[in-house]
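Residue numbers (this note's numbering): 3 to 261.
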């Protein structure tokens with residue numbers, strides 16, 4: 003499988019060999035897409051089969067979030083039962099958006115207090131967190147010294163390896179860049195943002211920020227899934243591409259085979 007494309011910076015030296023394709027796990031724990039009335043909660047057996055297949059395809063980055071319902075719990079259970087896969091995996095999660103399985107509604111809480119609570123909760127479910135993102139990050143939370151200091155404390159004390167911000171609002175991206183609020187190591191954004199604003203994303207990458215792209219198939223209206231994945235794979239500003247597919251994993255992985 004094709005390798006990732008991280009900025010040329012020493013901090014990424016230990017993960018340079020991560021494959022380009024990663025897996026997003028929102029459907030492990032909540033209805034996805036949100037309007038999918040046919041969605042059913044996956045069984046442990048389905049997740050075991052899916053994760054094992056992803057590992058066999060070469061995937062090593064696995065992405066979850068506090069807002070993904072039971073995803074962190076189920077991903078953690080898989081890793082605890084498969085330590086050999088955990089050993090080679092890069093695990094990312096997010097805080098700042100909370101989701102109710104009962105109402106299927108989300109709320110944003112970017113307070114430093116919620117950061118501490120959410121991170122502590124994630125640690126009870128995930129055996130390791132390599133990367134912690136701020137979910138739906140805004141200028142306000144990135145300018146909050148309490149949040150920045152706490153996340154960097156987690157990094158400094160070895161609780162996480164990298165900090166990140168998940169941002170798919172172009173105006174926020176532009177303002178964060180203009181105001182020099184980029185203190186994190188990773189940015190996650192949507193394929194739509196990358197396709198429509200490649201120069202903006204390149205500027206962020208050029209600042210030494212790894213760019214992880216989600217929703218290639220779902221948010222690329224003018225491209226087939228194959229075109230979207232393959233086009234993203236050619237861009238210098240893209241570090242890792244996440245797939246959220248439940249049923250087309252092996253087909254998707256084939257787009258990333260070395261030619």
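Note that CB positions come from ideal geometry on N, CA and C, so glycine has one too.
8 Å or more divides the Cβ of residue 210 from the Cβ of residue 189. Contact fails between the segment 211-225 and the segment 174-183, because fewer than three Cβ pairs, one in each stretch, are under 8 Å apart. Secondary structure note for residue 118: its alpha helix (DSSP H) is the uninterrupted segment 114-127.
In this structure, DSSP gives residue 7 a state outside helix and strand, which the three-state scheme calls coil. Distances from the CA of residue 51 to each of 207, 159, 77 and 92 were compared; the closest alpha carbon is that of 77. Look at residue 200 here: in three-state DSSP terms it is helix. Its chain contains 69, 99, 100 and 101 as the residues whose beta carbon lies nearer than 7 Å to that of residue 108, once the 5 sequence neighbours on both sides are disregarded; these appear in chain order. Here DSSP, grouped into helix, strand and coil, assigns residue 14 to helix. When the Cα atoms are used, residue 128 and residue 75 turn out to be separated by approximately 7 Å. Secondary structure of residue 24 (DSSP, three-state): strand. Within the segment 54-115, the runs of beta strand (DSSP E) at least 3 residues long that lie entirely inside it are, in chain order, 63-65, 92-97, 99-101 and 108-110. The Cβ-Cβ distance between residue 61 and residue 24 falls below 8 Å. Within its own chain, the residues whose Cβ lies closer than 6 Å to the Cβ of residue 130, once the five positions on either side in sequence are excluded, are 93, listed in chain order. Closest by C-alpha distance to residue 27, out of 257, 245, 194 and 258, is 245.
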